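Chains A and B are the protein sequences, given in the same order. According to the working numbering, the first sequence is numbered sequentially starting from 129. According to the working numbering, the second sequence is numbered sequentially starting from 96. Some notes on the structure that comes next.
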Amino acid sequence: AQSVAQPEDQVNVAEGNPLTVKCTYSVSGNPYLFWYVQYPNRGLQFLLKYITGDNLVKGSYGFEAEFNKSQTSFHLKKPSALVSDSALYFCAVTRSGYSTLTFGKGTMLLVSP
Amino acid sequence: KAGVTQTPRYLIKTRGQQVTLSCSPISGHRSVSWYQQTPGQGLQFLFEYFSETQRNKGNFPGRFSGRQFSNSRSEMNVSTLELGDSALYLCASSLGSIPDTQYFGPGTRLTVL
């Protein structure tokens with residue numbers, strides 16, 4: 129079985145400040161981890177993924193995520209938030225040899241001007 | 096490259112009716128997955144098709160079915176609609192390796208009255 133926890137329903141940050149959206153996972157074997165973003169009335173947009181290698185993964189729109197195996201975490205980060213980053217963020221996990229993604233419940237990010 | 100397209104974008108049906116949703120994957124992608132998104136349950140996996148064969152199935156009743164055609168386009172069908180089937184149905188495509196990055200369409204918003 130595999131699962132994802134996003135402990136915060138909502139994260140509030142001021143524009144220009146760094147942001148972190150938290151994700152922890154549970155999976156048998158090596159994890160494959162993904163972050164997606166969803167804007168209102170839109171599908172999910174792929175941001176970044178961790179497969180193997182460097183624990184710091186860089187993605188689209190200045191986002192990055194840090195894989196921490198000992199803490200089973202994959203937190204999404206950005207050094208300087210923009211108002212346009214306000215959206216719903218999903219973390220997802222799967223494992224080697226398995227194609228189905230399991231998603232967290234999502235975290236709403238609100239960036240205030 | 097054109098993205099994943101889904102038709103129709105919006106549907107209104109009444110209880111007991113059936114509905115068919117369509118998904119055209121990114122050119123060259125052979126895998127199509129379907130997800131149901133609701134405020135209460137979040138994103139739930141329905142099924143995945145690869146090369147016209149169902150490769151994985153989620154925990155949904157038999158009223159939910161799907162198929163994939165030789166050009167990788169996919170349809171999902173829901174029979175005997177219930178009020179609880181109201182949701183955003185998302186389609187995602189990938190090249191088909193296991194695992195792989197999934198790219199999502201804009202979704203079909205189904206409302207059951």
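Ideal Cβ placement from N, Cα and C applies to all residues, glycine included. Owing to the predicted nature of the structure, the values given are computational and were not obtained by experimental measurement.
Neighbour flag for residue i against chain A, beta carbons, 8 Å
i, result
"Phe-199 (chain B)", "yes"
"Leu-205 (chain B)", "no"
"Asn-166 (chain B)", "no"
"Glu-147 (chain B)", "no"
"Asn-154 (chain B)", "no"
"Ser-169 (chain B)", "no"
"Ser-181 (chain B)", "no"
9 Å Cβ cut-off: residues of chain B touching residue i
i, result
"Leu-237 (chain A)", "Per Cβ cutoff of 9 Å: no residues; Leu-237 (chain A) is ~16 Å from chain B at best."
"Lys-150 (chain A)", "Those do not exist, as Lys-150 (chain A) stays about 16 Å from chain B at its closest Cβ, beyond 9 Å."
Proximal chain B residues relative to residue i, where beta-carbon distance stays under 7 Å
i, result
"Thr-222 (chain A)", "Pro-194"
"Val-171 (chain A)", "Here the sequence assigns Gly to residue 171 (chain A), which means Val is not the residue at that position. Neighbours of Gly-171 (chain A) on chain B, chain order: Leu-185, Phe-199, Gly-200, Pro-201 and Gly-202."
Buried/exposed call for residue i, threshold 16 Cβ in 10 Å
i, result
"Asp-182 (chain A)", "exposed"
"Tyr-189 (chain A)", "exposed"
Neighbour flag for residue i against chain B, beta carbons, 8 Å
i, result
"Thr-200 (chain A)", "no"
"Gly-234 (chain A)", "yes"
"Gly-225 (chain A)", "yes"
"Leu-216 (chain A)", "no"
"Phe-195 (chain A)", "no"
N- and C-terminal bounds of the beta strand (DSSP E) containing residue i
i, result
"His-203 (chain A)", "201-206"
"Val-173 (chain B)", "169-173"
Heavy atom of the ligand ATP within 7 Å of residue i beta-carbon
i, result
"Glu-192 (chain A)", "Among the ligands in the structure shown, none appear at all, so the ligand ATP cannot be discussed."
Integer Cβ distance of residue i from residue j, believed to fall under 8 Å
i, j, result
"Arg-204 (chain B)", "Arg-104 (chain B)", "7 Å"
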